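Novice: Order-wise, the sequence lines are chains A and B. In case it helps, numbering that gives the first Met the number 0 puts the first sequence at residues 0 to 202. In case it helps, numbering that gives the first Met the number 0 puts the second sequence at residues 0 to 202. Have a look at the structure that comes next, please.
Protein chains: 2
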Amino acid sequence: MKDRKRVILEAAARVIARRGVRGLRMEELAAEAHVSKALVYYHFGDRAGLLHHTLRFIGDRAQRYTRHRPPGSGEPDGSLRELERRLTQELQETPEVRENSTAWGELRAGAVFDPALREGLREASTEWLREIAELLGRVAQTAPDTALVAAAERLTVLLEGLSTRWLTGALPVAHARELMRVSVTAEVEGLRAARPRAVCPVG
Amino acid sequence: MKDRKRVILEAAARVIARRGVRGLRMEELAAEAHVSKALVYYHFGDRAGLLHHTLRFIGDRAQRYTRHRPPGSGEPDGSLRELERRLTQELQETPEVRENSTAWGELRAGAVFDPALREGLREASTEWLREIAELLGRVAQTAPDTALVAAAERLTVLLEGLSTRWLTGALPVAHARELMRVSVTAEVEGLRAARPRAVCPVG
DNA sequence: GTCTATAAAGCGATAGAC
DNA sequence: GTCTATCGCTTTATAGAC
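Below, the structure written as structure tokens:
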């Protein structure tokens, strides 16, 4: 069997989804990947190295479903639907998405106590925020930049909260998505209403 | 020195804020409390017992600033200000609040992997949700119950997300509070606008 | 590259003196 | 009630054969 390295990374993603980053044991990982512990050390040096590569692996994998609009779905560029999709994409009952969301949650939770984890987290969050703010700008048309960023912050922070609720079984995934959608709509309407020339959204 | 038990619990709260629930080591706790490890076991049985009592200790302590309106502040019962205060109270740079928020964050993060933690979390969340929904009802006056609950869910979930951002240093506490306040106002306005007899919020 | 076997360290928990 | 000393399991990490 070739490319055991990838096999190990995929196994690590599954173990992290089951036990968390802090709960990952080298022995359980080796068993999950059907290799020996020593091989894991051979490829990744130590536990920290394995975690580093796994988190990167998960992040790269996530871009597949995060950045690409489904081809042929007729979803217009910069539409409200695209914005909604981007913000509900992490709330799906799929092994890959669950593994990804779990890992991100662990990263966030770990960063509370480990400053070393914060930089990587900050980079990803900033990039994510920028993308959502830009999309909001297109959907809402005109709006001051600070308002756009603030709205994007509220939406991305809400997403993180919803993700935790989903993963702890406190909220069914469909319910979490619904709450997200309502907030997206409300934020967009809020931005539109805040235009210089205020227009009554009801009339 | 009397009441070493309380000294240990206070030390445990500090250690949890520094290392997390999962990162708490009996040895470090003993050192922090200036007692021996054996004494901790004498008073609390085992690690799980210590954690159980500590979490309860922290929860009880939190009620002091959570449920009581500051006396003589002239804050009317059921006002928008009371609602805002309740939702921004967990976002304060105080040792006590930080310890409390950290512990709750750890509990949430741990519940992703440990179903045993979920029940206690669910109870507290449900109670918290109920209180916020009720306050929202008073502030917004009439509104359908489902809309009230949904709004309360969005606000409480947002609070959890903001708490994590604050504790990871991703968001200054003042900024987090501001985002929360804006959302509270928007939700209240949304509820008012959704009344049977729709009224233009701009006019 | 991959394995088995083992060393080394960390940590929860207990024994027993005072 | 409180301490010092220590046990024993778990887990990371390495040695060395193939």
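Glycine is no exception: its CB is placed at the ideal position from the N, C-alpha and C atoms. None of these values were measured; they are calculated from a predicted model.
Can you look up Ala197 of chain B in the DSSP assignment and give me helix, strand or coil?
Specialist: Because Ala197 of chain B sits at a pLDDT of 46, beneath the cut-off of 50, its placement in the model cannot be relied upon, and the following sentence gives the value as read from the coordinates. Looking at Ala197 of chain B - three-state DSSP - the assignment turns out to be coil, as it is neither helix nor strand.
Novice: Measure how close the beta-carbons of Leu161 of chain A and Leu178 of chain A come, nearest whole angstrom, since I'm counting them as under 8 Å.
Specialist: 6 Å
Novice: Is the segment 120-136 of chain A touching the segment 73-84 of chain A in the sense that three or more CB pairs, one from each, lie closer than 8 Å?
Specialist: yes
Novice: Cβ of Leu178 of chain A less than 8 Å from any chain B Cβ?
Specialist: yes
Novice: Near Arg164 of chain A, which residues of its chain fall below 7 Å by C-beta distance, leaving aside the five closest residues on each side in sequence?
Specialist: Residues of the same chain with a CB within less than 7 Å of the CB of Arg164 of chain A, apart from the 5 flanking positions on each side, are Leu170, Ala175 in chain order.
Novice: With a threshold of 16 other CB atoms inside 10 Å of the CB of Gly202 of chain B, please say whether the residue is buried or exposed.
Specialist: Bear in mind that the predicted position of Gly202 of chain B carries a pLDDT of just 42, short of 50, making it unreliable; the figure below should be weighed with that in mind. It is exposed - the Cβ of Gly202 of chain B has fewer than 16 other Cβ atoms within 10 Å.
Novice: Taking only beta-carbon atoms, is Thr53 of chain A less than 8 Å away from chain B?
Specialist: no
Novice: Is the Cβ-Cβ distance between Ile7 of chain B and Val39 of chain B less than 8 Å?
Specialist: A contact, by the Cβ cut-off of 8 Å.
Novice: Decide if Thr87 of chain A is buried, meaning its Cβ has at least 16 other Cβ atoms within 10 Å, or exposed.
Specialist: buried
Novice: On the three-state DSSP scale, how would you describe Leu90 of chain A?
Specialist: coil
Novice: So, is Gly109 of chain B buried or exposed, given that buried needs 16 or more other C-beta atoms within 10 angstroms?
Specialist: buried
Novice: With Lys36 of chain A and Ala29 of chain A assumed to form a contact (beta carbons below 8 Å), what rounded beta-carbon distance in angstroms separates them?
Specialist: 4 Å
Novice: State the DSSP-derived secondary structure class of Gln140 of chain B, mapped to helix, strand or coil.
Specialist: coil
Novice: Looking at C-alpha atoms only, which residue of A:Glu98, A:Arg84, A:His51, A:Arg13 is the closest neighbour of Ala115 of chain A?
Specialist: Comparing Cα positions, the closest option is A:His51.
Novice: If we ignore side chains and look at the alpha-carbon of each, how far apart do Glu118 of chain B and Arg13 of chain A end up?
Specialist: 25 Å
Novice: Please tell me whether Ala102 of chain A and Ala142 of chain A are closer than 8 Å, where the distance is taken between their beta carbons.
Specialist: Not a contact, by the Cβ cut-off of 8 Å.
Novice: What is the DSSP secondary structure of Glu74 of chain A, reduced to helix, strand or coil?
Specialist: Residue state for Glu74 of chain A is assigned as coil, using DSSP reduced to three classes.
Novice: So, for Ala11 of chain A: in the same chain, excluding its five sequence neighbours on each side, which residues have a beta-carbon less than 6 Å away from its beta-carbon?
Specialist: Leu28, Thr53
Novice: Which residue spans inside the segment 112-191 of chain B form an unbroken alpha helix (DSSP H) run of at least 4?
Specialist: 114-139, 144-166
Novice: Kindly list the residues whose CB is nearer than 7 Å to the CB of Arg209 of chain A, restricted to its own chain and excluding five residues on each side of it in sequence; keep chain order.
Specialist: Lying outside 0 to 202, the shown extent of chain A, residue 209 of chain A is not represented and no answer is given.
Novice: Rounded to whole angstroms, what is the Cα-Cα separation between Gln62 of chain B and Ala150 of chain A?
Specialist: Computed Cα separation, rounded: 31 Å.
Novice: Any C-beta of chain B sitting closer than 8 Å to the C-beta of Ala193 of chain A?
Specialist: no
Novice: Could you name the residues of the segment 116-132 of chain A whose beta carbon sits closer than 7 Å to any beta carbon of chain B, in the order they occur along the chain?
Specialist: Arg117, Leu120, Arg121, Ser124
Novice: Got a sec: does the ligand MG put a non-hydrogen atom nearer than 7 Å to the Cβ of Trp165 of chain B?
Specialist: Because no ligand of any kind appears in the structure shown, any question about the ligand MG cannot be addressed here.
Novice: Taking C-beta pairs closer than 8 Å, name the residues in chain A that Thr141 of chain B reaches, listed in chain order.
Specialist: None at all; the shortest Cβ gap to chain A is about 17 Å.
Novice: Let me see if you follow: with CB-CB separation under 8 Å, is Thr87 of chain A close to chain B or not?
Specialist: no
Novice: Give me the Cβ distance between Arg137 of chain B and Glu186 of chain B, rounded to the nearest whole Å; I'm assuming they're in contact under 8 Å.
Specialist: In fact, because the Cβ distance is near 13 Å, the residues do not count as touching under 8 Å.
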